[in-house]
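In the order they appear, the protein sequences are chains A and B.
The first sequence begins at 8 in this note's numbering and counts up one residue at a time.
The second sequence begins at 43 in this note's numbering and counts up one residue at a time.
Please read the structure below before turning to the comments.
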Amino acid sequence: MSIKVLIPTPLRPYAGKQSVIEVTAQTVGEVLSDLVTKHPDLRKHLFAEDGKLRSFVNVYLNDEDIRYLSKDATSVKETDTITIVPSVAGGR
Amino acid sequence: MALTIPNALHEQLRQHGEETYPHECCGVLTGGIDEEGKKTVQAIVQCGNTRTDSPANRYHIGAAELVRIQREALLAGIDIVGFYHSHPDHPARWSATDLAEAHWTGCSYVITSVENGRAALTNSFQLLGQEENKHFEDEQIEIIDR
């Protein structure tokens, strides 16, 4: 099924400058896999060398962090939206 | 390249730092980015600082809040163009922690020093490069009337 993925500003240069990309997938893992297959330059910005998501990359299925769902195995449906947001933190 | 921001919003983010003093405040800047990468702030979103363990010298915006802001911005036809936070009794310059925890390349990171509860200087820095070689570059703030 067709799923919308919202691409954050810093990743758009590697995603054809698009802010929303539609992919075909049944799980979050397939969404991300389809995304980096279509846009190979995205891979190193999303994933570490061990193939896991970089620690500061948050992936949400609608309003839920996939870390607290079934991670890559989380099922997706037609009306779902995946949002990728790098973390925001700091301090003096 | 300057960060353009209406005077009212500039004052609002500075005042946020006064309200949360002696803790760090934080928030999101939304607006437009043109073809050349010039950013114009159209709205600011005050956020909660989830670093309740060390709010005097650390901030963190919850990812769930970022997701909501990102979605609402997209619906409104605008974008996340940057973030702001305050440094209580500390210079308005990025720290090693600020750089280590910054990941939105191309976006602006605005910092206000708040001295004894009063907003002092506000500076902006653009995050450039990729994660392995990222760095901040000083960015002029262009304040406009609106």
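Every residue, glycine too, gets a C-beta built ideally from N, C-alpha and C.
None of these values were measured; they are calculated from a predicted model.
Taking the DSSP output, what are the residues bridged to A/R61?
None, per the DSSP bridge assignment.
Report the partner residues of B/G73 according to the DSSP bridge assignment.
B/G73 is bridged to B/V83 and B/D121.
I want to see whether chain B comes within less than 8 Å of A/R99, judged by CB atoms only; does it?
Interface residue, yes.
Residue burial classification, B/K81 (beta-carbon count within 10 angstroms, cutoff 16)
That one is buried.
Take B/R56 as the anchor and find which of B/L163, B/L170, B/E181 and B/N175 has the nearest alpha-carbon.
Restricting attention to B/L163, B/L170, B/E181 and B/N175, the CA atom closest to the CA of B/R56 is found in B/L163.
If you follow the beta strand (DSSP E) that B/Q172 is part of, which residue opens it and which one closes it?
Per DSSP, B/Q172 belongs to no beta strand (DSSP E) and is neither H nor E.
When you compare only the Cα positions, how much space is there between B/E157 and B/L116?
Their backbone Cα atoms lie some 36 Å apart in a straight line.
Can you find a C-beta in chain A that's less than 8 Å from the C-beta of B/N99?
It does: the Cβ of B/N99 has a partner Cβ on chain A nearer than 8 Å.
Exposed or buried, A/V27, counting other C-beta atoms within 10 Å across all chains shown (16 or more means buried)?
In summary, A/V27 is exposed, with fewer than 16 beta-carbon neighbours lying within 10 Å of its beta-carbon over all protein chains present.
I'd like to check one pair, B/T94 with A/G97: are the Cβ atoms closer than 8 Å?
Taking a C-beta distance under 8 Å as the contact criterion, A/G97 and B/T94 do not qualify as a contact pair.
From what residue to what residue does the alpha helix (DSSP H) around A/L42 run?
The continuous alpha helix (DSSP H) containing A/L42 extends over residues V35 to K45.
Quick one: is the Cβ of A/S94 within less than 7 Å of any heavy atom of the ligand ZN?
Of the ligands one can find in the structure shown there are none, so the ligand ZN has no counterpart to examine.
I'd like to know if the region 164 to 179 of chain B and the region 141 to 155 of chain B are in contact, where contact means that at least 3 CB-CB pairs between them fall below 8 Å.
Enough Cβ pairs lie closer than 8 Å, so yes.
Suppose contacts are defined by Cβ-Cβ distances below 8 Å. Is B/H132 in contact with B/C67 by that definition?
Against a cut-off of 8 Å, the Cβ pair of B/C67 and B/H132 comes out as no contact.
With a threshold of 8 Å, are at least 3 pairs of Cβ atoms found where one atom belongs to the region 10 to 27 of chain A and the other to the region 39 to 54 of chain A?
At 8 Å Cβ cutoff, the stretches touch.
Using the beta-carbon of each residue, which ones in chain B are nearer than 8 Å to A/Y75?
Contact of A/Y75 with chain B by beta-carbon distance below 8 Å is absent, the smallest such distance being about 11 Å.
Same chain, Cβ closer than 6 Å to B/P64, five either side skipped, listed in chain order
Within the same chain, B/P64 has close Cβ partners A98 and P130.
Can you pull the DSSP bridge partners for B/T139?
Paired residues: none, contrary to the question.
Could you give the DSSP three-state label for B/Y126: helix, strand or coil?
Three-state result, B/Y126: strand.
Take B/E179 and list the residues in its own chain whose beta-carbon comes closer than 6 Å to its own, dropping the five residues that flank it on each side.
Answer for B/E179: Q168 and L170, listed in chain order.
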